[in-house]
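Residue numbers (full-length UniProt numbering): 1 to 185.
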């Protein structure tokens with residue numbers, strides 16, 4: 001009796017870096033691939049962009065279970081709030097509000113990355129703003145973060161700043177950035 005061999009080729013890892021001129025360290029690639037293949041953690045990259053006409057947009061890159069989903073939205077501008085910090089905060093608020101409908105799955109944790117270096121200080125109110133628009137945005141961010149955590153008690157929700165090294169050559173941050181730019185150019 002003959003036996004059939006059922007060898008299936010192992011799929012190649014996606015090449016997120018294409019023809020990068022700089023070599024990417026294995027440790028960094030592993031960090032990116034761990035996010036990409038994770039079934040426990042939904043990773044969301046947020047970025048915002050403001051053009052010369054003060055038009056603002058937010059871009060999002062959802063990374064979970066071997067998929068990458070790009071979303072974007074316009075940010076309503078107000079007279080005194082056409083600044084990048086405001087747009088970044090609004091992008092994070094949108095990610096908090098929309099992740100359950102944008103990515104369905106059985107993740108136990110949601111990690112939102114922002115390139116706003118002092119997002120931790122904004123959340124803990126160690127940073128306070130003089131601009132009333134930024135004060136309102138900070139208050140809304142804290143409220144939405146707490147509300148989202150209460151609404152999803154079985155899901156750990158975190159917001160974290162990206163380090164300089166995590167920003168460099170990051171395909172997911174670049175996708176979020178490009179999504180925001182595309183909407184306002």
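Note that beta-carbon positions come from the ideal geometry of N, C-alpha and C, so glycine has one too.
Extent of the continuous beta strand (DSSP E) to which residue i belongs
{"i": "residue 57", "result": "56-64"}
{"i": "residue 71", "result": "67-75"}
Alpha-carbon to alpha-carbon, residue j and residue i
{"i": "residue 88", "j": "residue 158", "result": "16 Å"}
{"i": "residue 175", "j": "residue 86", "result": "20 Å"}
{"i": "residue 145", "j": "residue 94", "result": "10 Å"}
{"i": "residue 42", "j": "residue 162", "result": "16 Å"}
{"i": "residue 57", "j": "residue 63", "result": "20 Å"}
{"i": "residue 61", "j": "residue 155", "result": "19 Å"}
{"i": "residue 59", "j": "residue 184", "result": "11 Å"}
{"i": "residue 169", "j": "residue 135", "result": "32 Å"}
{"i": "residue 181", "j": "residue 73", "result": "10 Å"}
{"i": "residue 171", "j": "residue 69", "result": "12 Å"}
{"i": "residue 97", "j": "residue 148", "result": "7 Å"}
{"i": "residue 124", "j": "residue 21", "result": "39 Å"}
{"i": "residue 53", "j": "residue 77", "result": "11 Å"}
{"i": "residue 24", "j": "residue 36", "result": "17 Å"}
Option in the options with minimal Cα separation from residue i
{"i": "residue 92", "options": "108, 120, 66", "result": "120"}
{"i": "residue 75", "options": "63, 51, 32, 68", "result": "51"}
{"i": "residue 29", "options": "77, 13, 132", "result": "13"}
{"i": "residue 40", "options": "111, 18, 23, 126", "result": "111"}
{"i": "residue 84", "options": "137, 33, 151, 23", "result": "137"}
{"i": "residue 122", "options": "130, 142, 103", "result": "142"}
{"i": "residue 173", "options": "32, 25, 15", "result": "32"}
{"i": "residue 178", "options": "17, 153, 34, 71", "result": "71"}
{"i": "residue 133", "options": "38, 24, 90", "result": "90"}
{"i": "residue 38", "options": "17, 101, 107, 150", "result": "107"}
For residue j and residue i, believed in contact at Cβ under 8 Å, the rounded distance
{"i": "residue 65", "j": "residue 105", "result": "6 Å"}
Continuous alpha helix (DSSP H) stretch holding residue i: start and end
{"i": "residue 28", "result": "26-37"}
{"i": "residue 156", "result": "Where residue 156 is concerned, there is no enclosing alpha helix (DSSP H), although the beta strand (DSSP E) it sits in stretches over 156-161."}
Residue-chain proximity (residue i, chain C), Cβ-Cβ < 7 Å
{"i": "residue 17", "result": "Chain labels in this structure do not include chain C; a single protein chain is all it has."}
> Counting Cβ pairs closer than 8 Å, one from the region 102-116 and one from the region 43-51, do we hit at least three?
Replying inline: yes
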